[in-house]
């Protein structure tokens, strides 16, 4: 669970930040058991957990790293929403803050390298913001619009999804994939994406009057989500591994790891915006998580019978007059939490426990 920052001497205790994925938890609770707070400080994930979902992860202790590592080695499934930075926002705009290097180092060890900065794409969603007392809408290239042509062909987790968004997303590449693992790119940008390393995420219309942003010169199709399956190597060597009884040094079963290059694609802010007229580019994102959970839990029969008509269809861009109906209140975003864990477990049948094995 998020830990509040320490108080200065003489100050009252500080409160932990509010949950960041409440809407997602509520949606997923309709089909799964959702445990929004889990303590990994013991070095182990509870045996009742089938899928561990990580989002906006703050600094990780060695024991928390060990818990994630052991979960994969024992055949668990992890879904990590992990861009290179998380985004904070208020009425003044957006700003990026670097993600904990501890998690990024783990993902790199498993073969998923999260690049620095964010991608921008000419194929993007629309943002509206108050400027000098009026609401202005513009293409916001940080909100990538991912179409089926950029999906992994025939992957079950993408069944029935007509379109997705990846807001504030980092490139995620398969690099030095360890022996025993199979890597696959799940989602890619359009060919018109480029990378930018900057904490300033707001448009500059004075300098770039038409688009608000400098256009990239290194445009290319780039991976933004990957899947790794198989026998995972341990993140730790014998010298660095915390001393926890029963910790494995090699994998006992095949695990699954999904790395999504956006920490924000399922955050409360984005899902709230998805309910507005201009936010429909984000409306299908919860379906991706639902499909990933079914895939991780091997509920492939359910996935195979889904079709796109069951879910939100991709809409044509709105005309200017319709877009102006968007209310100012839709942009009054609150602050974001800096770290979150939550766990998804299967609901419909008893959850098997993970046997303890000696190293």
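Numbering (our numbering), first residue to last: 913 to 1271.
Heads up, the beta-carbon is just placed ideally off N, CA and C, and yes, glycines get one too.
| query | Roughly how many whole angstroms lie between the Cα atoms of residue 1196 and residue 1155? | reply | For this step, residue 1196 is matched to residue 284 along the chain shown. For this step, residue 1155 is matched to residue 243 along the chain shown. Taking the straight line joining both Cα atoms gives about 43 Å.
| query | In the structure shown, what three-state DSSP assignment does residue 1191 receive? | reply | Residue numbering aside, residue 1191 sits at position 279 when the chain shown is read from its first letter. Helix at residue 1191.
| request: Assign residue 1129 to buried or exposed, taking buried as 16 or more other Cβ atoms, counted over all protein chains shown, within 10 Å of its Cβ. | output: By one-based count along the chain shown, residue 1129 stands at place 217. Classification for residue 1129: exposed.
| request: Given a cut-off of 8 Å, decide if residue 996 and residue 1009 are closer than it, judged by their beta-carbon atoms. | output: If you number the chain shown from 1, residue 1009 lands on position 97. If you number the chain shown from 1, residue 996 lands on position 84. The answer is no: Cβ separation not under 8 Å.
| task | With a threshold of 16 other CB atoms inside 10 Å of the CB of residue 1260, please say whether the residue is buried or exposed. | result | Indexing the chain shown from 1 puts residue 1260 at position 348. In this predicted model, residue 1260 has a pLDDT of only 46, less than 50, meaning its place in the structure is not dependable enough to derive any value.
| field | Residue range of the beta strand (DSSP E) that includes residue 993 | value | Residue numbering aside, residue 993 sits at position 81 when the chain shown is read from its first letter. 989-993 is the extent of the beta strand (DSSP E) around residue 993.
| query | What does residue 1052 pair with, by DSSP beta-bridge criteria? | reply | Along the chain shown, one-based indexing puts residue 1052 at 140. According to DSSP, residue 1052 bridges with 1037.
| message | So if DSSP puts residue 1167 in a beta bridge, which residue, or which two residues, is it bridged to? | response | Taking the first residue of the chain shown as 1, we reach residue 1167 at position 255. DSSP lists 1142 as partners of residue 1167.
| request: In angstroms with no decimal places, state the Cα-to-Cα distance between residue 1206 and residue 1120. | output: Against the chain shown, residue 1206 aligns to sequence position 294. Against the chain shown, residue 1120 aligns to sequence position 208. The straight-line gap from Cα to Cα measures roughly 44 Å.
| Does the Cβ of residue 1046 have 16 or more other Cβ atoms within 10 Å, making it buried, or fewer, making it exposed? | Walking along the chain shown from the start, residue 1046 turns up at place 134. It is exposed - the Cβ of residue 1046 has fewer than 16 other Cβ atoms within 10 Å.
| query | Buried or exposed: which applies to residue 1013, given that a residue is buried once 16 or more other Cβ atoms fall within 10 Å of its Cβ? | reply | As a first step, residue 1013 is located in the chain shown; it is residue number 101 there, counting from the start. Residue 1013 is exposed by the Cβ-count criterion.
| request: Would you kindly work out how many angstroms separate the C-alpha atoms of residue 1150 and residue 972, rounded to a whole number? | output: Position 238 of the chain shown holds residue 1150. Position 60 of the chain shown holds residue 972. Each residue's Cα considered, the two are about 19 Å apart.
| said: As a quick exercise: from 1108, 1191, 1027, 1049, pick the residue whose alpha carbon is nearest that of residue 1117. | reply: In the chain shown, counting from the first residue as 1, residue 1117 sits at position 205. Measuring from the Cα of residue 1117, the nearest candidate turns out to be 1049.
| query | Per DSSP, what kind of secondary structure is residue 1007 in: helix, strand or coil? | reply | For this step, residue 1007 is matched to residue 95 along the chain shown. Strand.
| request: May I have the straight-line CA-CA distance separating residue 978 from residue 952, to the nearest angstrom? | output: By one-based count along the chain shown, residue 978 stands at place 66. By one-based count along the chain shown, residue 952 stands at place 40. When rounded, the distance between both Cα atoms is 9 Å.
| query | According to the Cβ coordinates, are residue 1025 and residue 1064 closer than 8 Å? | reply | Translated into positions along the chain shown, residue 1025 becomes position 113. Translated into positions along the chain shown, residue 1064 becomes position 152. No. Outside cutoff.
| query | Does the Cβ of residue 1006 lie closer than 7 Å to at least one heavy atom of the ligand FMN? | reply | No copy of the ligand FMN appears in this structure; indeed no ligand is present at all.
| request: Put residue 1105 into one of helix, strand or coil per three-state DSSP. | output: Taking the first residue of the chain shown as 1, we reach residue 1105 at position 193. Strand.
| query | Using a beta-carbon distance below 8 Å, is residue 1117 in contact with chain D? | reply | Going by chain labels, chain D is absent from the structure shown, which holds only one protein chain.
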